[in-house]
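Numbering (numbering that gives the first Met the number 0), first residue to last: 0 to 456.
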Amino acid sequence: MNKDKIIWIVFVLFAVIALGVLAFFVFKNDNSDQNANQSISQIQKKIPSDSDNFASAVYSKNIDDCDKIKSEKMKENCKQAITDIHYYNQALATLDESFCEAISVADQISACLLALRSKEAYLRENYPDELEAIYIRNKNLNRIELLTEKTEADASDIDSFLSLALAYAEKALNDQAMGGSQDEYVEKAFEAVASAEQLDPENSEVFRVKAYIYEIEPHYENAKDNYTKAIELDSENFKAYAGRGHSNRMLGLLDNAVEDLETASELDDTDKHSFIYSNLCNLYVSKGEFEKAKLNCQKVISNESSDSGEKMNAYRVLSSIDLRNMNLIGARENLEEALLMAPMEASLYVAFSKLSIYEKDYDSSVDYARKAVDINTNQAGNHLTLAQALYMQEKYEESIGEAERAIELVSSDVSILLPEKESLLISSYYQISFDYREMGDSSKQAEYEEKAKELLN
0 MNKDKIIWIV FVLFAVIALG VLAFFVFKND NSDQNANQSI SQIQKKIPSD
50 SDNFASAVYS KNIDDCDKIK SEKMKENCKQ AITDIHYYNQ ALATLDESFC
100 EAISVADQIS ACLLALRSKE AYLRENYPDE LEAIYIRNKN LNRIELLTEK
150 TEADASDIDS FLSLALAYAE KALNDQAMGG SQDEYVEKAF EAVASAEQLD
200 PENSEVFRVK AYIYEIEPHY ENAKDNYTKA IELDSENFKA YAGRGHSNRM
250 LGLLDNAVED LETASELDDT DKHSFIYSNL CNLYVSKGEF EKAKLNCQKV
300 ISNESSDSGE KMNAYRVLSS IDLRNMNLIG ARENLEEALL MAPMEASLYV
350 AFSKLSIYEK DYDSSVDYAR KAVDINTNQA GNHLTLAQAL YMQEKYEESI
400 GEAERAIELV SSDVSILLPE KESLLISSYY QISFDYREMG DSSKQAEYEE
450 KAKELLN
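What follows is the structure in C-alpha cells.
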C-alpha cells in the first residue's frame with residue numbers, strides 16, 4: 000500500500016480514537032453521584048444532560064446545538080471543538096494550510112498539517128489533474144509549480160500559460176495584501192500571458208487575463224481597455240464583462256459596473272460562476288440597494304462552486320446589512336460564519352471590532368482591532384479601526400498614533416477603492432480631532448478639523 004495512504008488511514012484512525020477519548024471524558028462527568036441519584040424519576044432521566052448535548056452537537060457538527068448546554072464553559076468548549084472540526088475539513092478540502100493553523104490545539108494543528116501534506120503528495124503522484132483542479136478552485140498558490148511543469152512539458156498549451164499567468168497574478172495580489180511588493184509576480188504574470196498571446200494573438204481569454212493582471216498592478220484604465228478588447232473578440236465572454244465591471248467599481252463608476260456585471264449574469268446561464276454574484280453582492284451594498292445585495296450574497300453562499308473567500312465576503316456583506324438595521328445578533332452570526340471560511344482575514348476582525356462598539360464591549364473591540372493589525376499591518380483601515388476602538392477606551396494618545404499610521408498608509412493601500420481613499424483620510428483626521436478634543440487641546444482639535452474640511456470642500 001502507498002506510504003501516504005497508510006499515513007492517511009492512520010490519521011483517520013487517530014481522529015476516531017481522539018473523538019472516543021473526548022466522549023469518554025465528557026460522559027465521565029458526575030458518575031461519582033450515580034448511586035445517589037437512582038431515585039430520580041424516569042421522566043427526569045430522559046432529559047438530556049450537558050454531556051449528551053455536547054456529544055450530540057459535536058456529532059452533528061452543528062454549532063447552534065451547543066446552545067442547549069447549560070454550563071457556559073462546556074458550551075464554549077463545544078463551539079470551539081466544532082469550529083476546529085470545520086477548519087480541519089476545510090483544510091483537507093482546499094489544501095490550504097491556513098485552516099490548519101487556525102485550529103486551537105497545537106497537537107491537532109500538527110496532525111492536520113500531516114494529513115493535508117499526505118493527501119497533497121498522494122494526489123500529486125497519482126492524480127495531478129485532480130490536484131490542479133483543487134488548487135484552481137480554491138486559488139491555491141501551490142499550483143504555480145504544477146503549471147510551470149505543464150508549460151515546460153508542452154510549450155503549445157495556451158490554457159496552461161493562461162492559468163499560470165493567473166496564478167502569478169494571484170500570488171502578486173497575496174504578497175501585496177501582506178504588505179510586500181507585487182512587482183516580481185506581476186512581471187512573471189505578464190511574461191506568461193505574453194507566451195499565450197504568441198500562440199493565439201486573437202484569443203479573447205488572453206486579453207481578459209492580461210486585463211486582470213493590470214488590475215493587480217494596479218492600472219484600472221489599462222485593465223478596462225483589455226477587458227473591452229476581450230469582449231470585442233468574443234461578445235459571449237461573461238468573465239470579461241465581470242472583470243470590466245470590477246474595474247469600473249474600483250474606479251467608482253458604479254452604474255457602469257452594474258451594467259457590466261448584470262450582462263455577465265445574463266450570459267452565465269448556469270448561475271454557477273460565483274465571482275459574478277460576489278461582485279454584485281458588494282456592488283449593490285455600495286449603491287445602497289440592500290435587497291439586491293442580499294439576493295446576490297445568498298447566491299454565492301448556496302453555490303457549491305463558490306470558494307471560501309467568496310463565501311466569506313458574502314457573509315461579511317450580510318453582516319454589514321444586519322448591522323445597518325441594528326440586528327446585532329444577526330450581524331454576529333454572519334460574521335462567525337464568515338470567520339469559518341477565512342480565519343485569517345483581517346477585514347473580519349475589523350468588522351467584529353466595529354460590532355463590539357455597538358455592543359458596548361470596548362475591550363473586545365480593541366482586541367479584535369489589534370488582531371486585524373497583527374494580520375496585516377499595512378492596511379490603513381485596520382489602524383483607523385484600532386484608533387476608534389482605543390478612543391472608546393479613552394486611550395486618546397494611542398488612538399492618535401493609530402490614526403496617524405492610517406493616514407501614512409492610505410496612498411499605498413490598494414485594498415481601498417480609489418473613491419474611498421479620501422473618505423478614509425477625512426475619517427482619520429476627524430478621529431484625531433476627537434482625540435484632541437477629549438484631551439482638552441482645542442488648538443490641535445481645530446487643526447485636524449480644518450484638514451478634514453479641506454478634503455470635504
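Built from N, CA and C at the ideal position, the CB exists for glycine as well.
query: How about R369 and L354: are their beta carbons less than 8 Å apart?
result: On the sequence shown, position 370 is the one that residue 369 refers to. On the sequence shown, position 355 is the one that residue 354 refers to. Result no, Cβ atoms of R369 and L354 do not sit closer than 8 Å.
field: Nonlocal neighbours in the same chain, by C-beta distance under 7 Å from A263, ignoring five residues either side
entry: Within the sequence shown, the letter at position 264 stands for residue 263. If we look at A263 and ignore the five residues flanking it on each side, its Cβ neighbours are F237, Y240, A241, G244 and I275.
query: Could you give the C-beta distance for S277 and S304, rounded to a whole number, given that I count them as a contact under 8 Å?
result: Stepping through the sequence shown from its first residue, residue 277 is reached at position 278. Stepping through the sequence shown from its first residue, residue 304 is reached at position 305. Not a contact, Cβ separation roughly 11 Å.
query: D156 by DSSP, collapsed to three states: which one?
result: Position 157 of the sequence shown, counting from 1, holds the residue named residue 156. Three-state result, D156: coil.
- prompt: Whole-angstrom Cβ separation of C111 and Y87, contact assumed at under 8 Å?
  reply: Locating residue 111 in the sequence shown gives position 112, where the first residue counts as 1. Locating residue 87 in the sequence shown gives position 88, where the first residue counts as 1. Their Cβ separation, rounded to whole angstroms, is 5 Å, which keeps C111 and Y87 in contact under 8 Å.
field: Within 8 Å, strictly: CB atoms of A101 and M311
entry: Stepping through the sequence shown from its first residue, residue 101 is reached at position 102. Stepping through the sequence shown from its first residue, residue 311 is reached at position 312. No, they are not a contact pair.
task: Taking all protein chains shown into account, decide if Y447 is buried (16 or more other Cβ within 10 angstroms of its Cβ) or exposed.
output: Numbered from its first residue, the sequence shown carries residue 447 at position 448. So Y447 ends up on the buried side.
query: Cα separation between Y314 and E148?
result: Numbered from 1 along the sequence shown, position 315 holds the residue referred to as residue 314. Numbered from 1 along the sequence shown, position 149 holds the residue referred to as residue 148. Answer to the nearest angstrom: the Cα atoms are 37 Å apart.
- prompt: Out of L317, L416 and A132, which has the shortest C-alpha to C-alpha gap to H218?
  reply: Mapped onto the sequence shown, residue 218 falls at position 219. Out of L317, L416 and A132, L416 has the C-alpha closest to the C-alpha of H218.
- request: Spatial neighbours of R436 within its chain, please: CB distance less than 8 Å, with the 5 preceding and 5 following residues excluded, ordered by chain position.
  value: Position 437 of the sequence shown, counting from 1, holds the residue named residue 436. Correct list, in chain order: Q444.
- prompt: Under 8 Å, do I320 and A292 count as touching if we go by C-beta distance?
  reply: Within the sequence shown, the letter at position 321 stands for residue 320. Within the sequence shown, the letter at position 293 stands for residue 292. Contact flag set, yes.
Beta-carbon spacing of A166, R136 below 8 Å: Numbered from its first residue, the sequence shown carries residue 166 at position 167. Numbered from its first residue, the sequence shown carries residue 136 at position 137. Against a cut-off of 8 Å, the Cβ pair of R136 and A166 comes out as no contact.
8 Å CB neighbourhood of Y184 in its chain, flanking five on each side removed: Here the question's residue 184 lines up with position 185 in the sequence shown. Within the same chain, Y184 has close Cβ partners Y167, A168, K170, A171 and D174.
Given 8 Å, three or more beta-carbon pairs between the segment 372-379 and the segment 119-127: no
- prompt: Exposed or buried, R323, counting other C-beta atoms within 10 Å across all chains shown (16 or more means buried)?
  reply: To locate residue 323, count along the sequence shown from 1; it is residue 324. Exposed, because fewer than 16 other Cβ atoms sit within 10 Å of the Cβ of R323.
- prompt: Would S442 be called buried (16 or more neighbouring beta carbons within 10 Å of its own) or exposed?
  reply: Mapped onto the sequence shown, residue 442 falls at position 443. By the 10 Å Cβ count, S442 comes out exposed.
field: S246 versus V316: straight-line alpha-carbon distance, rounded
entry: Taking the sequence shown and counting its residues from 1, one reaches residue 246 at position 247. Taking the sequence shown and counting its residues from 1, one reaches residue 316 at position 317. S246 and V316: Cα-Cα distance of roughly 20 Å.
message: Do A388 and V409 count as a contact pair if the criterion is CB distance below 8 Å?
response: Along the sequence shown, read from residue 1 onward, the residue named residue 409 stands at position 410. Along the sequence shown, read from residue 1 onward, the residue named residue 388 stands at position 389. No. Outside cutoff.
field: Given 8 Å, three or more beta-carbon pairs between the segment 216-233 and the segment 188-208
entry: Contact between the segment 216-233 and the segment 188-208 is present, with at least three C-beta pairs closer than 8 Å.
task: Going by CA-CA distance only, name the one from A405, L198, S432 and S180 that's closest to Y395.
output: Along the sequence shown, read from residue 1 onward, the residue named residue 395 stands at position 396. Among A405, L198, S432 and S180, the Cα nearest to that of Y395 belongs to S432.
message: Please classify K60 as buried or exposed, where buried requires at least 16 other C-beta atoms within 10 Å of its C-beta.
response: As a position in the sequence shown, residue 60 is number 61, starting the count at 1. Burial call: exposed.
query: For V104, does the count of other Cβ atoms within 10 angstroms reach 16, so buried, or fall short, so exposed?
result: On the sequence shown, position 105 is the one that residue 104 refers to. With fewer than 16 Cβ atoms within 10 Å of its Cβ, V104 is classed as exposed.
task: Can you have a look at L146 and say buried or exposed, based on whether 16 or more other CB atoms are within 10 angstroms of its CB?
output: For the purposes of this step, residue 146 is taken as residue 147 along the sequence shown, with counting starting at 1. L146 comes out buried.
query: Around the Cβ of Q392, are there at least 16 other Cβ atoms within 10 angstroms (buried) or fewer (exposed)?
result: In the sequence shown, the residue the question calls residue 392 occupies position 393. Exposed is the call here.
task: Give every residue of the same chain whose Cβ lies closer than 7 Å to the Cβ of E358, excluding the five residues on either side of it in the sequence, and list them in chain order.
output: Translated into positions along the sequence shown, residue 358 becomes position 359. Excluding sequence neighbours, E358 sits near L327.
task: Sort E144, A114, L113 and K138 by Cα distance to P127 and report the nearest one.
output: Within the sequence shown, residue 127 is the residue found at index 128, counting from 1. Checking every option, the nearest Cα to that of P127 belongs to E144.
Cα-Cα separation, A92 to K78: Residue mapping note: residue 92 aligns to position 93 of the sequence shown, counting from 1. Residue mapping note: residue 78 aligns to position 79 of the sequence shown, counting from 1. The straight-line gap from Cα to Cα measures roughly 21 Å.
- prompt: Anyone know if the C-beta pair for L385 and L423 falls short of 8 Å?
  reply: As a first step, residue 385 must be located in the sequence shown, where it is residue number 386. As a first step, residue 423 must be located in the sequence shown, where it is residue number 424. Cβ distance not < 8 Å, so L385 and L423 don't count as in contact.
query: Should K187 go down as buried or exposed, given a rule of 16 or more other Cβ atoms within 10 Å for buried?
result: Here residue 187 refers to the residue found at position 188 when the sequence shown is read from its first residue. K187 comes out buried.
message: According to DSSP, is F23 part of a helix, a strand, or is it coil?
response: Within the sequence shown, the letter at position 24 stands for residue 23. With a pLDDT of only 36 at F23, under the threshold of 50, the placement of this residue in the model should not be trusted, and no figure is reported.
task: Report the residue from K452, T150, V413 and I425 whose alpha carbon sits nearest the alpha carbon of Y213.
output: Within the sequence shown, the letter at position 214 stands for residue 213. Of the listed residues, the one whose Cα sits closest to Y213 is V413.
Proximity winner among L294, L455 and V57, relative to Y428 (alpha-carbon distances): Stepping through the sequence shown from its first residue, residue 428 is reached at position 429. Of the candidates L294, L455 and V57, the one whose C-alpha sits nearest the C-alpha of Y428 is L455.
message: Give me, in chain order, the residues of the same chain whose beta-carbon lies closer than 7 Å to that of T150; leave out the 5 immediate sequence neighbours on both sides.
response: Locating residue 150 in the sequence shown gives position 151, counting from the first residue. Excluding sequence neighbours, T150 sits near D156, S159, F160 and L163.
field: Euclidean distance between Cα positions of C99 and Q89
entry: Here residue 99 is taken as the residue at index 100 of the sequence shown, counted from 1. Here residue 89 is taken as the residue at index 90 of the sequence shown, counted from 1. So the alpha carbons of these two residues sit roughly 9 Å apart.
query: Cβ of T150 within 7 Å of any heavy atom in the ligand ATP?
result: Of the ligands one can find in the structure shown there are none, so the ligand ATP has no counterpart to examine.
query: What are the boundary residues of the alpha helix (DSSP H) that S427 is part of?
result: Sequence index remark: in the sequence shown, residue 427 carries index 428 (1-based). L417 to M438 is the extent of the alpha helix (DSSP H) around S427.
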